[in-house]
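Our numbering puts the first residue of the sequence shown at 25, with every later residue one more than the last. All C-beta atoms, glycine included, are put in the ideal place defined by N, C-alpha and C. Please read all numbers here as calculations on a predicted model, not as lab measurements.
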Amino acid sequence: MRSFVLTCVGVSLLSSPLMADYPIAGAEPSQRPASAPVVEWVKRDSAWYQSALIGVNQPYPKSLYFLDNQGHWYTPFNRPGMTGRYDIRKWHQ
């Protein structure tokens, strides 16, 4: 156990200088670091739309038009959710 703790401390001390130049999110919440990565474009082809619209019949409701602006951030809408009677889009069948 002692060797494990010493190893963890050693790794954390050695990795600190390597991460010194990496932008820290949340250090200044009102300002995005200038060197932070930026998503410039999102590829949404027909296969992506097909996957996101599983279980939804045409004509698609206007409430789903948000998919046209959906970026790479997490959304539960295009991932399978709960099973059983809660699976209203039939993702798990």
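*asked:* Using 7 Å as the threshold, is the C-beta distance between residue 79 and residue 113 below it?
replied: Here residue 79 is near residue 113, since their CB atoms are less than 7 Å apart.
_7 Å CB neighbourhood of residue 96 in its chain, flanking five on each side removed_ = So the list reads 63, 66, once near-sequence residues are dropped.
*Tell me where the alpha helix (DSSP H) around residue 59 begins and ends.*
Per DSSP, residue 59 belongs to no alpha helix (DSSP H) and is neither H nor E.
_For residue 76 and residue 91, believed in contact at Cβ under 8 Å, the rounded distance_ = About 6 Å separates the two Cβ atoms, so the contact holds.
*Please state whether DSSP places residue 81 in a helix, a strand or coil.*
Coil at residue 81, not helix or strand.
*asked:* Below 8 Å on the Cβ atoms is my contact criterion, and I expect residue 104 with residue 115 to pass it. Report the Cβ-Cβ distance as a whole number of Å.
replied: In this structure residue 104 touches residue 115 by the C-beta definition: roughly 4 Å separates them, less than 8 Å.
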